[in-house]
Amino acid sequence: MQLTARDIARMVDGELAGDPEQLVTGLAGLREAAQGDASFLASPKYQAAVKTTHASVLIIARDLEIDFGGTLIRVKDPSEAFARLVGQVAPRPVVFRPGVHPSAVIAPTARLGAEVSIQPHAVIEDGVVIGDRAVIGAGSYIGHESRLGADCLLYAHVSLRERTILGDRVTLHCGVVLGADGFGYENVGGKHQKIPQVGNVEIGDDVEIGANTAIDRGRFGRTRVGTGTKIDNLVQIGHNCVIGEHCIVCGLVGIAGSTIIGNYVTIAGQVGIAGHLTVGDKSIIMAQAGVTKDVPAGSVMLGAPAVPHKEFKRVNAAIQRLPETLAKLHELEQQLAEARARLTPVS
Amino acid sequence: MQLTARDIARMVDGELAGDPEQLVTGLAGLREAAQGDASFLASPKYQAAVKTTHASVLIIARDLEIDFGGTLIRVKDPSEAFARLVGQVAPRPVVFRPGVHPSAVIAPTARLGAEVSIQPHAVIEDGVVIGDRAVIGAGSYIGHESRLGADCLLYAHVSLRERTILGDRVTLHCGVVLGADGFGYENVGGKHQKIPQVGNVEIGDDVEIGANTAIDRGRFGRTRVGTGTKIDNLVQIGHNCVIGEHCIVCGLVGIAGSTIIGNYVTIAGQVGIAGHLTVGDKSIIMAQAGVTKDVPAGSVMLGAPAVPHKEFKRVNAAIQRLPETLAKLHELEQQLAEARARLTPVS
Amino acid sequence: MQLTARDIARMVDGELAGDPEQLVTGLAGLREAAQGDASFLASPKYQAAVKTTHASVLIIARDLEIDFGGTLIRVKDPSEAFARLVGQVAPRPVVFRPGVHPSAVIAPTARLGAEVSIQPHAVIEDGVVIGDRAVIGAGSYIGHESRLGADCLLYAHVSLRERTILGDRVTLHCGVVLGADGFGYENVGGKHQKIPQVGNVEIGDDVEIGANTAIDRGRFGRTRVGTGTKIDNLVQIGHNCVIGEHCIVCGLVGIAGSTIIGNYVTIAGQVGIAGHLTVGDKSIIMAQAGVTKDVPAGSVMLGAPAVPHKEFKRVNAAIQRLPETLAKLHELEQQLAEARARLTPVS
Numbered sequence: 096m097q098l099t100a101r102d103i104a105r106m107v108d109g110e111l112a113g114d115p116e117q118l119v120t121g122l123a124g125l126r127e128a129a130q131g132d133a134s135f136l137a138s139p140k141y142q143a144a145v146k147t148t149h150a151s152v153l154i155i156a157r158d159l160e161i162d163f164g165g166t167l168i169r170v171k172d173p174s175e176a177f178a179r180l181v182g183q184v185a186p187r188p189v190v191f192r193p194g195v196h197p198s199a200v201i202a203p204t205a206r207l208g209a210e211v212s213i214q215p216h217a218v219i220e221d222g223v224v225i226g227d228r229a230v231i232g233a234g235s236y237i238g239h240e241s242r243l244g245a246d247c248l249l250y251a252h253v254s255l256r257e258r259t260i261l262g263d264r265v266t267l268h269c270g271v272v273l274g275a276d277g278f279g280y281e282n283v284g285g286k287h288q289k290i291p292q293v294g295n296v297e298i299g300d301d302v303e304i305g306a307n308t309a310i311d312r313g314r315f316g317r318t319r320v321g322t323g324t325k326i327d328n329l330v331q332i333g334h335n336c337v338i339g340e341h342c343i344v345c346g347l348v349g350i351a352g353s354t355i356i357g358n359y360v361t362i363a364g365q366v367g368i369a370g371h372l373t374v375g376d377k378s379i380i381m382a383q384a385g386v387t388k389d390v391p392a393g394s395v396m397l398g399a400p401a402v403p404h405k406e407f408k409r410v411n412a413a414i415q416r417l418p419e420t421l422a423k424l425h426e427l428e429q430q431l432a433e434a435r436a437r438l439t440p441v442s
Numbered sequence: 096m097q098l099t100a101r102d103i104a105r106m107v108d109g110e111l112a113g114d115p116e117q118l119v120t121g122l123a124g125l126r127e128a129a130q131g132d133a134s135f136l137a138s139p140k141y142q143a144a145v146k147t148t149h150a151s152v153l154i155i156a157r158d159l160e161i162d163f164g165g166t167l168i169r170v171k172d173p174s175e176a177f178a179r180l181v182g183q184v185a186p187r188p189v190v191f192r193p194g195v196h197p198s199a200v201i202a203p204t205a206r207l208g209a210e211v212s213i214q215p216h217a218v219i220e221d222g223v224v225i226g227d228r229a230v231i232g233a234g235s236y237i238g239h240e241s242r243l244g245a246d247c248l249l250y251a252h253v254s255l256r257e258r259t260i261l262g263d264r265v266t267l268h269c270g271v272v273l274g275a276d277g278f279g280y281e282n283v284g285g286k287h288q289k290i291p292q293v294g295n296v297e298i299g300d301d302v303e304i305g306a307n308t309a310i311d312r313g314r315f316g317r318t319r320v321g322t323g324t325k326i327d328n329l330v331q332i333g334h335n336c337v338i339g340e341h342c343i344v345c346g347l348v349g350i351a352g353s354t355i356i357g358n359y360v361t362i363a364g365q366v367g368i369a370g371h372l373t374v375g376d377k378s379i380i381m382a383q384a385g386v387t388k389d390v391p392a393g394s395v396m397l398g399a400p401a402v403p404h405k406e407f408k409r410v411n412a413a414i415q416r417l418p419e420t421l422a423k424l425h426e427l428e429q430q431l432a433e434a435r436a437r438l439t440p441v442s
Numbered sequence: 096m097q098l099t100a101r102d103i104a105r106m107v108d109g110e111l112a113g114d115p116e117q118l119v120t121g122l123a124g125l126r127e128a129a130q131g132d133a134s135f136l137a138s139p140k141y142q143a144a145v146k147t148t149h150a151s152v153l154i155i156a157r158d159l160e161i162d163f164g165g166t167l168i169r170v171k172d173p174s175e176a177f178a179r180l181v182g183q184v185a186p187r188p189v190v191f192r193p194g195v196h197p198s199a200v201i202a203p204t205a206r207l208g209a210e211v212s213i214q215p216h217a218v219i220e221d222g223v224v225i226g227d228r229a230v231i232g233a234g235s236y237i238g239h240e241s242r243l244g245a246d247c248l249l250y251a252h253v254s255l256r257e258r259t260i261l262g263d264r265v266t267l268h269c270g271v272v273l274g275a276d277g278f279g280y281e282n283v284g285g286k287h288q289k290i291p292q293v294g295n296v297e298i299g300d301d302v303e304i305g306a307n308t309a310i311d312r313g314r315f316g317r318t319r320v321g322t323g324t325k326i327d328n329l330v331q332i333g334h335n336c337v338i339g340e341h342c343i344v345c346g347l348v349g350i351a352g353s354t355i356i357g358n359y360v361t362i363a364g365q366v367g368i369a370g371h372l373t374v375g376d377k378s379i380i381m382a383q384a385g386v387t388k389d390v391p392a393g394s395v396m397l398g399a400p401a402v403p404h405k406e407f408k409r410v411n412a413a414i415q416r417l418p419e420t421l422a423k424l425h426e427l428e429q430q431l432a433e434a435r436a437r438l439t440p441v442s
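Residue numbers (my numbering), protein chains in the order written: chain F, 96 to 442; chain R, 96 to 442; chain P, 96 to 442.
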């Protein structure tokens, strides 16, 4: 990207104040901007960040007075203008053309839909069915009898073990593993004997799963992720879990086996949820919480062991005051001793 | 799977009550069951789950009276009957036939045992030795001079760096990385200078390692995992760790370098263990604990920093009572002030 | 490795006491050593570990008296002697020779530098530029228009999505994913609608990134990692984060989107850092901390929510004393009640 501030001003119908020849080589948020970047101030409340930004060009609201060393471009709605700008200068998205790369290995009994794209070194096993327009990324592995819906997008190095089911428009990022064996053993005479894991994984429509996330197959039956749910990177979901619809599951979350998550649940980063629990609809589990009991619908949970958010705040405030509380207790103790000494002895 | 309740009853020698034509399309635990599933009630103590299950058919004990809207099948031992049923209806396990796929790249000095199966796009480097009947999954990479025992099963996309040693019957799930460099640097004038990592990873017999787990090679010497130990998904084990025999290590656990774990140790999900520690035999480290000191054999540890389980419970109970404790302290303070005011002044 | 204690003594110019024919089959630290290993005692302060080591041969300082059942080798500086020994007996490092393996798939518009090594089944997309002497590991995927500097070393199964930029001498371990889409959605009528992620990932010189770590591409602009920073295994870094120069980021850390980390920052294992925060230069975030606010430069933070280290220690000491504090409070309460009873009633 090689534009001038004047080019940018023209693209967003803005009014330029400063050097029109200022070179713009990138776009970035205010805080992460480097020299040569154009950025924007979405709202006056972020104004403090203008002082420390390294951006060279700043798109701001028409009426805003601001102290900024670089070039300003004034527009009516900075967020909208910046989004429009991103749309215009963003590099063309990569498109994986339909067709089967000759290095891919496709079992004779696999059935490919119309206009699918099978990238180099992909491996597709016997009995697989792939929906129309799906993309199978480079080196990805599609295990036996798996069924993928239409318009699925699998990036490089995805692994689907046998009999995985994907709905339509499922996006799997690099390194996702669906259907590895659940972590189940029986202790027989001090040795951990494997419990066969003969179930599978079923993913609903419009689900997106982040890089290197692993979802285990069911012991029997399925491990399920509902329609519209979005899962971040490096998440671990145990066997026979059921994740509801339209949930958000953030990075490094671990959910142990057979736990049921409702619909519209938000699970923040690094949360752990024990096995065989139920988390009700629309609950929010805050970052790093450790859930050890069922969570009623609509709860906001925090802490390890997790408690309702308000309770956590109340207890945590008391905890932070503990050292001064101990000091006060010590003082009371002395006052009491002194007072008792002054009482006439019991006769 | 397309069976009727009558078919199921016949397969488990059960007594049917309800609709014999009820269609059964899957098997699942009570809580995760969907409509059309058959499930089972292992023990009367889970009876409450019957009210909310979506299962259409339920296998229960002969003598149990229960309120269930679907079809019942009564047997002597529901757990045993269900396991038998799973065994009968489970899809045939996938078998990787012996032979070398033509797309695999195998160094001329590698030695393959009898009846090994080398899947498409696998890469096997110089000096590798692979035991009889081992399976090397699609796209897996076996680094130079690695030695794999008999009957190892490596799924797709496993990476073994050079000189990794696997015992017999080792199972590695998709995306496992063994033998990446340990995380060791020396700070030289403000820069982190890499400490060479010239050791390797050695895995005992009958070990199973979950998807996307990473175990680093030793700085020198080995990082070791003992016979019979089972490791879940997304676990990180640092260089020169020694994990004992018959341990259980759950998902998202991190163990820093040079820590020694005894035998029969259980490490629950998301636990972190600092480096250069020793965890004694048969200890249990509970979920999300942060271990910062040596752990004596037989301990049950919880919390961050981790303390013995009983201590944690005692302290946590006191913590949860903190807000009311502060209120009581405030009350005492007032009572004391009032009492002191009533004492005759010191003359 | 098959040496005798006598061989070892000769290699380190040491003085042997014990069995010169003792076989040495490996090298290891004191605590992780197994039978047949040679080890060393770096300092008398680790002397206690000698009692429990399984090493057969021990390199120690000339003047140290020690109780050890195996063979001793006395030298002036045991650490230096051991390092020298490691250097001599370490297996030859694996070298990936320049050249392009015929199974690699390289787009016609990709440009390869001098002496690059492209390993089997690697895939290199259109418009990629690879610097001199770089190594692209087996099965690795280099997305469209990515640019790699000189002397980069990518191990097997690395995935770089389109337009990733690597500096010189970048090392990426197996399973690293750079440039997967950031985790960004807008809630539109209860559904999570994807926000396009059109930025990229830029990595500075001399960066090393551990196995299965994932760094997401910017929403727009870049996610950046500065020169000299070292990142461990299974780390998750969100979109538009900026990690400074010469930082250390340990295993299983999660950093949410748009957070800015300064230079020379150390982030210990399993730390979580919320999004849109700033962590100042030379800060240390201790293991498992949960950072929820900006961190001033030079801070040492601990706990969840994270507080300065000293405050954490003070509060935690008070917490551990809570049960006895409650007992004391109860005692004071009784004493006070008794004292008040003895006061003459208010007339």
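Glycine included, C-beta positions come from ideal geometry on N, C-alpha and C. Remember, predicted model here, so these are calculated numbers, not experimental data.
Rounded distance between the beta-carbons of residue j and residue i, thought under 8 Å
| i | j | result |
| --- | --- | --- |
| R/N328 | R/G349 | With a Cβ gap of about 13 Å, R/N328 and R/G349 do not count as contacting. |
| R/I36 | R/V223 | Here chain R comprises residues numbered 96 to 442, so residue 36 of chain R is not present and cannot be evaluated. |
| R/A123 | R/D132 | 4 Å |
| F/A144 | F/L125 | 5 Å |
| F/V410 | R/I414 | 6 Å |
Outcome for residue i when other beta-carbon atoms lying within 10 angstroms are tallied against a minimum of 16
| i | result |
| --- | --- |
| R/S254 | buried |
| R/M96 | exposed |
| R/I393 | The amino acid at residue 393 of chain R is misidentified as Ile; the sequence shows Gly. Exposed: under 16 other Cβ atoms inside 10 Å. |
| R/S353 | buried |
| P/S442 | Note that P/S442 has pLDDT 49, beneath the 50 cutoff, so the model's placement of it is unreliable and the number below is only indicative. Flag for P/S442 reads exposed. |
| P/D276 | buried |
| R/Q288 | exposed |
C-alpha gap between residue i and residue j, whole angstroms
| i | j | result |
| --- | --- | --- |
| F/A399 | R/S378 | 21 Å |
| R/D172 | R/F135 | 10 Å |
| F/L247 | F/I326 | In the sequence on display, residue 247 of chain F carries Cys and not Leu. So the alpha carbons of these two residues sit roughly 16 Å apart. |
| P/T91 | P/L243 | Any answer about residue 91 of chain P is impossible in this case: the structure gives chain P only from 96 up to 442. |
| R/V390 | R/G375 | 6 Å |
| P/L438 | R/Q430 | 12 Å |
| P/T318 | P/N358 | 15 Å |
| R/V190 | R/L180 | 22 Å |
Test: residue i CB closer than 8 Å to a CB of chain R
| i | result |
| --- | --- |
| P/S198 | yes |
| P/H334 | no |
| P/Q130 | no |
| P/C247 | no |
Cβ of residue i within 8 Å of any chain A Cβ
| i | result |
| --- | --- |
| P/K325 | Of the protein chains in this structure, namely F, R and P, none is chain A. |
Chain P within 8 Å of residue i, Cβ atoms only
| i | result |
| --- | --- |
| F/Q65 | Past the boundaries of the shown model lies residue 65 of chain F; chain F is included only from 96 to 442, so the question cannot be answered. |
| F/A123 | yes |
Any non-hydrogen atom of the ligand ADP closer than 7 Å to residue i Cβ
| i | result |
| --- | --- |
| F/G333 | Of ligands this structure carries none, so the ligand ADP is not represented either. |
is_contact[residue i, chain F] using C-beta, thresh 8 Å
| i | result |
| --- | --- |
| R/H149 | no |
| R/A143 | no |
Residues of the segment 420-434 of chain F whose Cβ lies closer than 8 Å to any Cβ of chain R, in chain order: T420, K423, L424, L427, Q430, L431 and A434
Cβ-based contacts, 8 Å cut-off: residues of the segment 255-287 of chain P near chain F: R256, E257, R258, G270, V272, A275, D276, F278, Y280, G285, K286 and H287
Cβ-based contacts, 9 Å cut-off: residues of the segment 183-196 of chain R near chain F: V184, A185, P186, P188, V189 and H196
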